[in-house]
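Notes for the one structure printed next.
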Amino acid sequence: MKMSSNAALSQLRCLLVLCATLWGAVAVAQQPVTRPDYVVSMPVINMYSAASADSDVVSQALYGSGVLSLEKKNGWVHIRTGDDYTGWVAAAGITPLQGSYAPDGKAVRVVQLSANLYREPSVTKHAPVLNLPWEARLELISSSVDKDGRWLQVKLVNGDTAYIEKGNVSADFTPLTIDQTIQLARRFLGITYTWGGVSSYGFDCSGFTQMLVRQRGLIMPRDAGVQASWSGVVPVERKDLQPGDLLFFGASLTKISHTGMYIGNGEFIHDTTNAHPVVQISKLDDMPWTHLLVAARRVK
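First residue of the sequence shown? That's 2 in our numbering, and the numbers climb one at a time after it.
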């Protein structure tokens, strides 16, 4: 579950409680930020509602993604991400952008749930220098660094070079079909629920569905309630559900607190705190979902 960063803290806490009671793929580029001036230099960085780690996490940003700075305060930077979301991040987790990083034509994306990078093309000689999640962005330097064609050389955000095995990344940003998206979604089964999460280290419900829709080449809003009213979807009756449709749950249409993706045969996949906090498949006719479903939407 993920609500707007501009919502009152009391509303966020209430919705968190409500959500808690509910019990080698192709990579697609995220929407680029207009004239980014920083790039994320941590595998995943938390975005907070205020310039303090004591405030609530509203979202996250991934390694290699460009962000736009809006304000700076006491070691914190207010940023805007490629999905037009804003939040405060620790300044140590982002790096001023010199020119560009991983521009189109030189970019590869991590296409495993996580991937290690090494100081040389070997998994045994040294410990990894970095571990990155699904969709983290890297700048390709060379695709022919060993006789077996196993390794790629990449440029890191800090300017250093590193090596990653070819099977961990892809330069193919072709949008997926609905069937391919559902097949991909199943790869994340068991990934932990993380409030504000948008990565394979941990998603929340709307971060998970946003990621899946992004694989189809579309940038959907970040929060569940906004997703349901997004101009890129149309309403669908429950009896007319098709695989790939988005499901929204809550007390009412104006109080949406959870979302998932319908995968057919009366089942949907979602990241939820229900029963056990992981990405899981549930039956729409089961409790509590059958009574909490308030909307279904089909991506145009």
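Backbone N, C-alpha and C fix where the C-beta goes; we use that ideal spot for every residue, glycine too.
In this text the structure is predicted, and so the values were computed from the model without any measurement.
Can you give the Cα-Cα distance for ALA93 and MET43, rounded to whole angstroms?
Locating residue 93 in the sequence shown gives position 92, counting from the first residue. Locating residue 43 in the sequence shown gives position 42, counting from the first residue. Going from the Cα of ALA93 to the Cα of MET43 covers about 9 Å.
Please state the DSSP three-state secondary structure of ASN132.
Walking along the sequence shown from the start, residue 132 turns up at place 131. ASN132 falls in the strand class under three-state DSSP.
Buried or exposed for SER1, please, with buried defined as at least 16 other CB atoms from any protein chain shown within 10 angstroms of its CB.
In this structure the chain extends from 2 to 301, so residue 1 is not present and cannot be described.
Taking the CB atoms as reference points, tell me whether SER60 and ARG223 lie closer together than 9 Å.
By one-based count along the sequence shown, residue 60 stands at place 59. By one-based count along the sequence shown, residue 223 stands at place 222. Yes; because the gap between Cβ atoms is below 9 Å, this pair is in contact.
So, is ASN159 buried or exposed, given that buried needs 16 or more other C-beta atoms within 10 angstroms?
Residue numbering aside, residue 159 sits at position 158 when the sequence shown is read from its first letter. Exposed, because fewer than 16 other Cβ atoms sit within 10 Å of the Cβ of ASN159.
With H, G and I counted as helix, E and B as strand and the rest as coil, what does DSSP make of GLY261?
If you number the sequence shown from 1, residue 261 lands on position 260. In this structure, GLY261 counts as strand in the three-state DSSP scheme.
Give me the DSSP bridge partner(s) of TYR202.
For the purposes of this step, residue 202 is taken as the residue at position 201 of the sequence shown. TYR202 is not bridged to any residue.
Quickly, what does DSSP pair TYR102 with across the bridge? List them, please.
For the purposes of this step, residue 102 is identified with residue 101 of the sequence shown, where counting begins at 1. TYR102 is not bridged to any residue.
Could you check whether the Cβ of ILE179 sits closer than 8 Å to any heavy atom belonging to the ligand MG?
In the structure on display, the ligand MG does not appear, and there are no ligands present to speak of.
Look up GLN113 in the DSSP assignment and say whether it is helix, strand or coil.
As a position in the sequence shown, residue 113 is number 112, starting the count at 1. Looking at GLN113 - three-state DSSP - the assignment turns out to be coil, as it is neither helix nor strand.
Of the choices VAL109, ALA128 and LYS301, whose alpha-carbon is the least far from that of TRP231?
To locate residue 231, count along the sequence shown from 1; it is residue 230. Nearest C-alpha to TRP231: LYS301.
Counting only the same chain and skipping the five closest in sequence on each side, list residues whose C-beta sits under 7 Å from that of GLN154.
Against the sequence shown, residue 154 aligns to sequence position 153. Around GLN154: ILE142, SER143, VAL146, THR162 and TYR164.
Applying the 10 Å Cβ sphere with the 16-neighbour rule, what's the burial state of GLY150?
The residue you call residue 150 lines up with position 149 of the sequence shown. That one is exposed.
How far does the alpha helix (DSSP H) with ALA93 in it extend, from its first residue to its last?
For the purposes of this step, residue 93 is identified with residue 92 of the sequence shown, where counting begins at 1. It is not in any alpha helix (DSSP H) - ALA93 carries neither H nor E in the DSSP assignment.
At a cut of 8 Å, does the region 126 to 137 reach the region 193 to 212 through at least three beta carbon pairs?
Flag = yes, the region 126 to 137 and the region 193 to 212 touch.
Report the residue from ARG110, LEU248 and PRO289 whose alpha carbon sits nearest the alpha carbon of ALA297.
Taking the first residue of the sequence shown as position 1, residue 297 is located at position 296. Closest by alpha carbon: LEU248.
Given VAL235, which residues of its chain have a CB within under 8 Å of its CB, disregarding the five upstream and five downstream residues?
Within the sequence shown, the letter at position 234 stands for residue 235. Same-chain partners within the cutoff: ARG298, ARG299 and LYS301.
Output yes or no for whether 9 Å exceeds the beta carbon distance between LEU114 and GLY67.
If you number the sequence shown from 1, residue 114 lands on position 113. If you number the sequence shown from 1, residue 67 lands on position 66. For LEU114 and GLY67, no; Cβs fall outside 9 Å.
In chain order, which continuous runs of the beta strand (DSSP E) of length 3 or greater are located wholly inside the region 41 to 97?
45 to 49, 58 to 63, 67 to 74, 77 to 81, 87 to 91 and 95 to 97, all fully within the region 41 to 97.
Once DSSP output is grouped into helix, strand and coil, what is the label at TRP344?
Because the chain here runs from 2 to 301, residue 344 falls outside it and cannot be looked at.
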